[in-house]
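Participant: The structure's right below; bear with me while I get my questions together.
Structure, rendered in structure tokens:
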């Protein structure tokens, strides 16, 4: 689960934000994403990201992550990647930290830092 000051980021929104920032903020995805997927019972946020990034999109059942996917999520607050082809909560936390670090990389001393809410909204 991801909480900001006064708000909660749903798993569906979290994975969509991860996918939208992946190629720039996450070294593992610098060469590009192969495709995105979600389980059947989640929102369509990831579909919109896939369309905007012109990526293949799939609806799948966990725990399988086909080789044609880079990032996947399900309704039980779990995000996965093809780095181990399994659900990985620790990876999700590290990815969010990478996104925050990337968004703040050009900030000067004493300049207001980008927060989770800035990334989400």
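Residue numbers (our numbering): 6 to 126. By construction, the Cβ of each residue, glycine as well, lies at the ideal position given by its N, Cα and C atoms.
Pull up the distance between the alpha-carbon of residue 48 and that of residue 17, whole angstroms please.
Facilitator: 6 Å
Participant: Evaluate contact between the segment 50-70 and the segment 105-113, counting only Cβ atoms and requiring at least three cross-stretch pairs below 8 Å.
Facilitator: no
Participant: Can you have a look at residue 84 and say buried or exposed, based on whether 16 or more other CB atoms are within 10 angstroms of its CB?
Facilitator: buried
Participant: Where does residue 15 sit, in a helix, a strand or coil, going by DSSP?
Facilitator: coil
Participant: State buried or exposed for residue 74, treating a residue as buried only when at least 16 other CB atoms are found within 10 Å of its CB.
Facilitator: buried
Participant: Short check: CB of residue 124 to CB of residue 22, under 8 Å?
Facilitator: Going by C-beta atoms, residue 124 is nearer than 8 Å to residue 22.
Participant: Cα separation between residue 31 and residue 101?
Facilitator: Going from the Cα of residue 31 to the Cα of residue 101 covers about 9 Å.
Participant: Sort out for me which residues DSSP pairs residue 41 with in a bridge.
Facilitator: DSSP, once it has assigned bridges, lists 62, 76 as partnering residue 41.
Participant: Who are the near neighbours of residue 56 in its chain, counting only those whose CB is closer than 7 Å to its CB and skipping five residues on each side?
Facilitator: Excluding sequence neighbours, residue 56 sits near nothing in its chain.
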